[in-house]
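Here is the structure we will look at, set down as structure tokens.
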Amino acid sequence: IQYNSQYRHYLKCIHRIPDHDYQESARNEVQKRFRQLVSETDALTIKMALQEGHRRLAQVQSMVGYTPQATDDDSWINTKDEADPRGRVGVSWPWQK
Numbered sequence: 147i148q149y150n151s152q153y154r155h156y157l158k159c160i161h162r163i164p165d166h167d168y169q170e171s172a173r174n175e176v177q178k179r180f181r182q183l184v185s186e187t188d189a190l191t192i193k194m195a196l197q198e199g200h201r202r203l204a205q206v207q208s209m210v211g212y213t214p215q216a217t218d219d220d221s222w223i224n225t226k227d228e229a230d231p232r233g234r235v236g237v238s239w240p241w242q243k
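Reading the sequence shown from the start, the letters are residues 147 to 243 in the working numbering.
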């Protein structure tokens with residue numbers, strides 16, 4: 147879970163980089179680094195990679211002025227509805243007419 151969260155935060159930060167070429171280069175680098183570790187099974191290596199990723203993410207966030215929000219109250223994921231516990235919109239699929 148930390149792995150996916152960290153990856154998403156990187157992509158959000160990279161999206162704020164104004165230079166398109168640098169943005170693409172940074173996205174490719176992040177994807178490459180995460181793909182290198184996707185099949186890693188050693189717990190210590192994973193922990194160290196997450197810590198290093200967190201340190202670098204903080205650097206990128208400070209560079210682009212990104213501050214992650216603790217919660218997203220406007221998200222459909224946070225919808226509390228007895229009839230639809232997953233927060234989906236609508237009552238049937240569009241093709242079921």
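Note that beta-carbon positions come from the ideal geometry of N, C-alpha and C, so glycine has one too.
Fair warning: this is a prediction, and the values are worked out from it, not measured in the lab.
- Here the alpha carbon of ARG162 sits roughly 10 Å from the alpha carbon of TYR156.
- For ARG181, the enclosing alpha helix (DSSP H) stretches over residues 166-183.
- Residue burial annotation: VAL176 is buried, with at least 16 other C-beta atoms found within 10 angstroms of its C-beta.
- Looking only at ILE160, TYR153, LEU190, the smallest Cα-Cα distance to GLY211 is reached by ILE160.
- By the neighbour-count criterion, in which 16 or more other beta carbons inside 10 Å mark a residue as buried, ALA172 falls on the buried side.
- Take the alpha-carbon of SER151 and the one of LYS158: they are about 11 Å apart.
- Sequence-distant partners of GLN207 (beyond 5 residues in either direction) whose C-beta falls short of 6 Å from its own C-beta, in its chain, are CYS159.
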